[in-house]
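**Student:** Listed in order, the protein sequences are those of chains A and B.
Residue 429 in full-length UniProt numbering sits at position 429 of the first sequence, and the numbers go up by one each step.
Residue 79 in full-length UniProt numbering sits at position 79 of the second sequence, and the numbers go up by one each step.
Backbone N, C-alpha and C define an ideal beta-carbon position, used for all residues, glycine too.
Being a predicted model, the structure only gives us computed values, none of them experimental.
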Amino acid sequence: MSQTNQARRLFLKQLGIVGGGLIVGLPLSASVNANSTTNAALQPNAFIHLSQSGEVSFYLPRSEMGQGTYHGLTTLIGEELDIDPARIRVHHATADTAFNNPEYDQQITGGSTSMKGSYLPLRQAAADARALLLLAAVQQLGVPREQLRTDNGYVLHGEQKTPYAELVAVAAQLETPQDVALKEPSEFKYIGKQRPRLDGHAKATGTAEFGLDIDFPGLQRAVLVRCPVAGGTVNRVDDSAARGMPGVTHVVSIHNGVAVVAEHYYQAKLAAAKLVIDWQLPEKLSQFSSAEGQAQFAQALDADKSHEAFKQGDGSKALNPASRVLRADYWAPYLAHATMEPMNCTVKIADGEMDVWVGSQSPGLAQGLAAFYSGISKSKIRIHSTFLGGGFGRRTASDYVGEAVAIAKASGVPVQLIWSREDDTRHDLYRPAAMARFAIGLTDDGRIDTWQVRRAGPNIMAYTVDEALDAMAPGFLPNGMVNWMSKAGYGLYDGWSLDHSSVEGLYEDYDASHKAVEHVTVDPGLPCGFWRSVGHSFSGFFKESMIDEVAVATEQDPVAYRLQHLSGNPRLANALKVAAEKAGWPKAGNSERRLGVAAHNSFASSVAQVAEVSLENGAIRVHKVVCVVDCGRVVNPDVVKAQMESGILFGLTAALHGEITLKDGVVQQSNFHDYPVLRMPQTPEIDVHIIDSNEPPTGVGEPGTPPIAAAVANALFALTGQRLRSLPLKLAS
Amino acid sequence: MISFQLNGQRVDADVPADMPLLWVVRDHFKLKGSKFGCGMGLCGACSMLVDGQSTRTCILPVAAVANRAVTTIEGLADKDSQQLSTLQQAWVAHSVPQCGYCQSGQLISATALLNSNPAPSDADIDNAMQGNLCRCGTYPRIKQAIKAAAEQTAAAVHTFDPRQAEAKA
């Protein structure tokens, strides 16, 4: 487990203890035992349900937001249950501790942990079910276990084929056997094989249901006007003009703004523009503008007041003034997620109970926040999960769930809260801006002796604490107290530990006798959250550009220089070697182009990339990216490939375009014209290679993102001699 | 009352003339396959065919399609057999979708492209598809699937090519 995961798990466990209501460590396969099943169906655990009519259902415990859990985790079930995954009916799981992510003890889809954390437990759940069916067959057919085998939904005895469905009634009466063995990899029929995605058909026919697609008679649409500066509150509102607009049924004030409820979304949106609101602006953030932001971060780095995040050897003391030290500052801006499906949530409150329909990366926290904003106990709140139209970390937060619940409660009607693209861009929980200052001390022969790096910027944890406390605080605490605790934010959090995600990826990969990692918190107050690859999203660029600088300064080949410093990191070294070979390093496709390389470990996976870059009419053009990934044993090779493509293009948007700026605390971007996303004509050819491995599976949703900006920047250096140390990458003209 | 053709059927909608077509189709006719993405015609998630052209419907007043033919993602498969279109089949075979939210719009634009240009070059595809954003980065697979569908259609059509006939003879 990575240090990040440990920190997050500890953090969540502590909250659980504080909350008193969190059930932790429930073994997955024991969460619902065989006693709870009936003759009509076999439900040996929370995940698997077999009916007598032959339907095999799988309750998918992780959210599907594009990264492939629907296909991947169903593959695990199909493998051990021994039935073609395409024959399994997949349901999105509701909020329940039985569906907690074993990596976090919370029902969270994040940290590229879905396959890593499910690989054994879900296979075990399916293997247990198969064992029950075989036991039932022994009884029902009166033959010894040794003469039975299974194949694609049947128990076979010689020529006799018994469908699983015919064994369900007997199996449901049996105790789940203990210590059921899992298949050997040599027996795999589905794991490691190339098959079309199981959710492909629904998504190619428009039938996949997203949160925005929820509809029922009486449902109204809501648009919420929030303070332009995050955290501001309503002083006064004049809603007379809005109330007179067509279709409008309610105008209500909630904790963070004023909502217009109407029959249709476009009516609510038109009416919301007529609201006249006087805001109480938050003092700190409304004084922050990005134009001075970088200077503020740099000053903080100068000030010499920092937390030690990591130390090895003599740390900073080893920076010998007599020897050669390379220094550089790097910068990465705030970023929005820009999921294609804007935030939305549908809420119906009736008879003291509540139904919530939402595409969420954390349905359990969504349920908790729904309880906080409604006063209805969690046991009376049903969460209906849907497909997610993109997540990238944005949907780990439940701010939009809290809003929808508050609007439904205040208006007294079922509502679907729909964020506009402008809302989505301006009221995100942003990837924190970050500045890193490196000082790399070299030995006489040009090797790295001391790796010192200090990072300045906001911490994500300060904002997740806020929401998690609201969601998880026990019912007996009055809301006022919970509010006080959560708004204590940094005060509460600083005393715990350093937010590892603020420094992750800055220092781990390369060999150095001495390492010193320090952190300075600078936080203008713009809400921050998890953004695909989290801290690695900036540290991958910082670290992989810096190592390139060092290689160039010591006049060594960037691949060879990295390899010299990867003795403690054989898997990354191997990925790098293979990537260099596949890309034809160091020679680009033609004389107009140059190659740049980057390699980075994140989420327990190793990824190396080589980008081939040229200038077209002075603009940066990325022609090709060779990507090599080592993510342990591969369950779905094509999903791994797709995730590398996805991570690269997501990172390329950030490298070439991504920048959220503020003026007096107000986000300046609003939609895809001023917060552009990569389009097809800018998309490079991507050539993915997967390292063959028998190690346990590790993450793929995020690790493709961190290296790409540095690979492109390093290629641009080779091409132009300009070392670009800020994102997005902009060449001096 | 505004009348138009929706997926081959004549429909009447008693809705305000300025209501965007996207919301008429989603909320009035309850076809949820076309998506809301940006509300400014910038992302293409709301694309529908209007008289065969890929059109951004989040900014198109329903009055603009009076007496015209509108096709949504729900209208791409064969109406009787429910067999997927060649493009949809290629989409599934190439595992194009990730989160899937933009894919209805992508398929609509790809359909419009192949209807007007059965053998598009890479540049043709880039040009036709650049109005459709995908945040998951499925562009390489979209391109592959379009090419595969174009090849399959070409193979199925068996057009008489005198040069090929000559070469064989």
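1) In three-state DSSP terms, what is Pro-16/B?
2) For Leu-727/A, which of His-657/A, Lys-515/A, Ile-686/A has the nearest alpha-carbon?
3) How about Lys-203/A: is its C-beta nearer than 9 angstroms to some C-beta of chain B?
4) What residue range is occupied by the uninterrupted beta strand (DSSP E) comprising Tyr-154/A?
5) Between the region 509-516 of chain A and the region 415-425 of chain A, can you find at least three pairs of beta-carbon atoms closer than 8 angstroms?
6) Whose C-beta lies closer than 8 angstroms to the C-beta of Ala-380/A among residues of the same chain, with five residues either side of it excluded?
7) List, in chain order, every chain B residue whose beta-carbon is nearer than 9 angstroms to that of Val-677/A.
8) Using C-beta distances below 8 angstroms, list every residue in its chain close to Val-550/A, excluding the 5 sequence neighbours before and after it, in chain order.
9) Look at the Cβ atom of Met-340/A, then the Cβ atom of Arg-10/B, and state whether they are nearer than 9 angstroms.
10) Please report the distance separating the alpha-carbon of Phe-438/A from that of His-500/A.
11) Taking its Cβ as the centre, do 16 or more other Cβ atoms sit within 10 Å of Leu-76/A, making it buried, or is it exposed?
12) Is the beta carbon of Ala-462/A closer than 9 angstroms to that of Asp-523/A?
13) Going straight from the alpha carbon of Ser-411/A to that of Tyr-265/A, what length do you get?
14) Identify the contact partners of Leu-84/B in chain A, using a Cβ-Cβ distance below 9 angstroms as the criterion.
15) Assign Tyr-190/A to one of three DSSP states: helix, strand, or coil.
16) Closer than 9 angstroms, CB to CB, is Gln-130/B near chain A or not?
17) Assuming residue 734/A and Gly-632/A form a contact by the criterion Cβ under 8 angstroms, report the distance between their Cβ atoms to the nearest whole angstrom.
18) When you compare each of Ile-660/A, Thr-683/A, Leu-595/A, Ile-708/A to Ala-608/A by their alpha carbons, which one comes out closest?
19) Considering only C-alpha positions, which residue in the set Ile-254/A, Val-260/A, Lys-284/A, Cys-227/A is nearest to Ser-240/A?
20) I'd like the list of long-range same chain contacts for Glu-702/A, defined as Cβ closer than 8 angstroms, with 5 residues on each side in sequence excluded.
21) Using alpha carbons as the reference points, say which of Gln-312/A, Val-667/A, Ile-620/A lies closest to Ala-713/A.
22) Just how far apart, CA to CA, sit Leu-134/A and Tyr-154/A?
23) Who are the neighbours of Pro-196/A on chain B, taking C-beta pairs under 7 angstroms?
24) Which residues share a DSSP beta bridge with His-250/A?
25) If you run the structure through DSSP and keep just helix, strand and coil, what is Arg-89/A?
26) Roughly how many angstroms separate the alpha carbons of Val-32/A and Pro-44/A, rounded to a whole number?
27) For a test of the three-state rule: what should DSSP assign to Phe-538/A, helix, strand or coil?
28) Using a Cβ cut-off of 9 angstroms (strictly closer), state whether Gly-352/A contacts chain B.
29) Evaluate the contact criterion for the region 240-251 of chain A versus the region 271-280 of chain A: three or more CB pairs, one atom per stretch, below 8 angstroms.
30) Could you tell me the distance, in whole angstroms, from the CA atom of Leu-28/A to the CA atom of Asn-117/B?
31) Is the separation between the beta-carbon of Leu-729/A and that of Gly-137/B shorter than 9 angstroms?
32) Which bits of chain A does Met-40/B rub up against, with CB to CB less than 8 angstroms?
33) If you compare alpha carbons, which of Glu-146/A, Pro-144/A, Asp-199/A is closest to Leu-388/A?
34) Please give the ranges of any beta strand (DSSP E) in the region 172-242 of chain A, keeping only runs that are unbroken, at least 3 residues long and fully inside the region.
35) Please classify Ser-36/A as buried or exposed, where buried requires at least 16 other C-beta atoms within 10 Å of its C-beta.
36) Near Gly-257/A, which residues of its chain fall below 6 angstroms by C-beta distance, leaving aside the five closest residues on each side in sequence?
**Tutor:** Here's the rundown:
1) Counting from 1 along the second sequence, the entry for residue 16/B is found at position 16. Looking at Pro-16/B - three-state DSSP - the assignment turns out to be coil, as it is neither helix nor strand.
2) On the first sequence, position 727 is the one that residue 727/A refers to. Comparing Cα-Cα distances from Leu-727/A to each of His-657/A, Lys-515/A, Ile-686/A, the minimum goes to His-657/A.
3) Along the first sequence, one-based indexing puts residue 203/A at 203. Yes - at least one Cβ of chain B is within 9 angstroms of the one on Lys-203/A.
4) Counting from 1 along the first sequence, the entry for residue 154/A is found at position 154. Start and end: 154-157.
5) no
6) For this step, residue 380/A is matched to residue 380 along the first sequence. One detail in the question is off: residue 380/A reads as Lys in this sequence, not Ala. These residues qualify, in order along the chain: Gly-352, Glu-353, Met-354.
7) The sequence position of residue 677/A within the first sequence is 677, counting from 1. What Val-677/A touches in chain B: Cys-43, Leu-133, Cys-134, Arg-135.
8) Against the first sequence, residue 550/A aligns to sequence position 550. The residues are Leu-326, Ile-440, Leu-442, Ile-448, Tyr-561.
9) As a working mapping, residue 340/A is identified with position 340 in the first sequence. As a working mapping, residue 10/B is identified with position 10 in the second sequence. Not closer than 9 angstroms, so no.
10) Position 438 of the first sequence, counted from the first residue, corresponds to residue 438/A. Position 500 of the first sequence, counted from the first residue, corresponds to residue 500/A. Each residue's Cα considered, the two are about 18 angstroms apart.
11) Counting from 1 along the first sequence, the entry for residue 76/A is found at position 76. By the neighbour-count rule (16 or more Cβ atoms within 10 Å), Leu-76/A is buried.
12) Start at 1 with the first residue of the first sequence, and residue 523/A comes out as number 523. Start at 1 with the first residue of the first sequence, and residue 462/A comes out as number 462. Going by C-beta atoms, Asp-523/A is nearer than 9 angstroms to Ala-462/A.
13) As a working mapping, residue 411/A is identified with position 411 in the first sequence. As a working mapping, residue 265/A is identified with position 265 in the first sequence. So the two alpha carbons sit approximately 16 angstroms from each other.
14) Locating residue 84/B in the second sequence gives position 84, counting from the first residue. Within chain A, the residues near Leu-84/B are His-201, Ala-204, Thr-205.
15) Counting from one through the first sequence, the residue named residue 190/A turns up at place 190. Tyr-190/A falls in the coil class under three-state DSSP.
16) In the second sequence, counting from the first residue as 1, residue 130/B sits at position 130. Output row for Gln-130/B: interface = yes.
17) Outside the modelled stretch of chain A, which goes from 1 to 733, sits residue 734/A, for which no answer is possible.
18) Here the question's residue 608/A lines up with position 608 in the first sequence. When only C-alpha atoms are compared, the closest one is Ile-708/A.
19) On the first sequence, residue 240/A is found 240 positions in, with the first residue counted as 1. Selected option, being the one with the closest Cα: Val-260/A.
20) Position 702 of the first sequence, counting from 1, holds the residue named residue 702/A. If we look at Glu-702/A and ignore the five residues flanking it on each side, its Cβ neighbours are Gly-111, Ser-112, Arg-532, Ser-533, Val-534, His-536, Ser-602, Phe-603, Gly-647.
21) Numbered from its first residue, the first sequence carries residue 713/A at position 713. Ranking the options by Cα distance to Ala-713/A, first place goes to Ile-620/A.
22) Mapped onto the first sequence, residue 134/A falls at position 134. Mapped onto the first sequence, residue 154/A falls at position 154. Whole-angstrom Cα-Cα distance: 10 angstroms.
23) In the first sequence, counting from the first residue as 1, residue 196/A sits at position 196. Simply Val-92, Ala-93, Ser-95.
24) Position 250 of the first sequence, counting from 1, holds the residue named residue 250/A. Paired residue(s): Val-261/A.
25) Numbered from 1 along the first sequence, position 89 holds the residue referred to as residue 89/A. Here Arg-89/A sits in strand by DSSP.
26) Looking up residue 32/A in the first sequence gives position 32. Looking up residue 44/A in the first sequence gives position 44. Bear in mind that a pLDDT of 35 at Val-32/A, under 50, signals an unreliable position, so the model cannot answer this.
27) Position 538 of the first sequence holds residue 538/A. The answer is helix: DSSP assigns Phe-538/A an H, G or I state.
28) Here residue 352/A is taken as the residue at index 352 of the first sequence, counted from 1. For Gly-352/A, the answer is no, since every Cβ of chain B falls outside 9 angstroms of its Cβ.
29) yes
30) Numbered from 1 along the first sequence, position 28 holds the residue referred to as residue 28/A. Numbered from 1 along the second sequence, position 117 holds the residue referred to as residue 117/B. Unreliable positioning characterises Leu-28/A in this predicted model, as indicated by a pLDDT of 30, which lies under 50. The coordinate reading is nonetheless provided below. Computed Cα separation, rounded: 53 angstroms.
31) Translated into the one-based positions of the first sequence, residue 729/A becomes position 729. Translated into the one-based positions of the second sequence, residue 137/B becomes position 137. The answer is no: Cβ separation not under 9 angstroms.
32) Against the second sequence, residue 40/B aligns to sequence position 40. The answer, in chain order, is Arg-421, Asn-671, Phe-672, His-673.
33) As a working note, residue 388/A is residue 388 in the first sequence. Of the candidates Glu-146/A, Pro-144/A, Asp-199/A, the one whose C-alpha sits nearest the C-alpha of Leu-388/A is Asp-199/A.
34) 220-226, 233-238
35) Here residue 36/A refers to the residue found at position 36 when the first sequence is read from its first residue. Summary for Ser-36/A: the model assigns pLDDT 42, below 50, so the residue's position carries little reliability; its value from the coordinates is reported in the next sentence. So Ser-36/A ends up on the exposed side.
36) Here the question's residue 257/A lines up with position 257 in the first sequence. So the list reads Leu-224, Val-225, Arg-226, once near-sequence residues are dropped.
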